[in-house]
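For the sequence shown, the UniProt record's numbering assigns the number 1 to the initial residue and increments by one for each residue that follows.
From the three backbone atoms N, C-alpha and C, an ideal C-beta is built for every residue, glycine too.
Please read these numbers as outputs of a predicted model, since none were measured by experiment.
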Amino acid sequence: MWNHRGRGLITEMNLKIEKVAIDGVLVRMPYNPAFCADEDKTLLHGGVLTALLDSVFGLANFVAIDGISSMATLDLRVDYLRPAKSRADVMVRAECIRQTRHIAFNSGRIWFDEPDQAEVARGAASFALTRGEVSIFDAMTQSRSSK
């Protein structure tokens with residue numbers, strides 16, 4: 001449903017959810033030369049990595065926290081550890097490491113699906129949570145069933 005309801009860049013990312021659990025999610029983004037910033041089509045643009053991490057953090061929150069009716073990114077930090085240079089798929093692991101009634105805190109890492117799995121970037125974020133009687137999941141499934 002997350003992929004089906006996506007809009008804009010997230011649909012272009014063609015994300016594949018590999019693992020979903022309360023302790024974290026694992027998502028694959030297939031190689032896309034349109035996201036590269038060089039002529040050789042091997043250097044992934046940093047903005048794509050940031051948007052990818054932000055989106056996967058949202059999924060991790062969605063899975064780990066009950067009763068969220070909406071969420072918004074408050075703070076997002078991405079530390080780039082090496083050039084994002086490869087034609088391999090990008091892998092992202094994200095988790096909600098702490099939550100309060102109104103804030104969720106996330107941690108994540110990005111690497112290429114290559115044998116060495118050397119990290120390309122690490123990130124941390126905080127999200128404002130709105131809780132309500134209708135969760136995001138319920139709102140999405142109700143809107144789908146009414147069509």
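Is G132 helix, strand or coil when you go by DSSP? DSSP places G132 in coil when its eight states are reduced to three.
Near L59, what residues of its chain come up, given a Cβ to Cβ distance below 8 Å and the 5 sequence neighbours on each side ignored? The residues are W2, I17, V20, V25, V27 and A94.
Looking only at C-alpha atoms, which of F127, D116, L44 and A121 sits nearest to R109? If you compare the alpha carbons of F127, D116, L44 and A121 with that of R109, the shortest gap goes to A121.
Where does the unbroken alpha helix (DSSP H) through D54 begin, and where does it stop? Unbroken alpha helix (DSSP H) run through D54: G46 to A64.
Rounded to the nearest angstrom, what separates N14 and L129 at their Cα positions? Roughly 26 Å between the two C-alpha positions.
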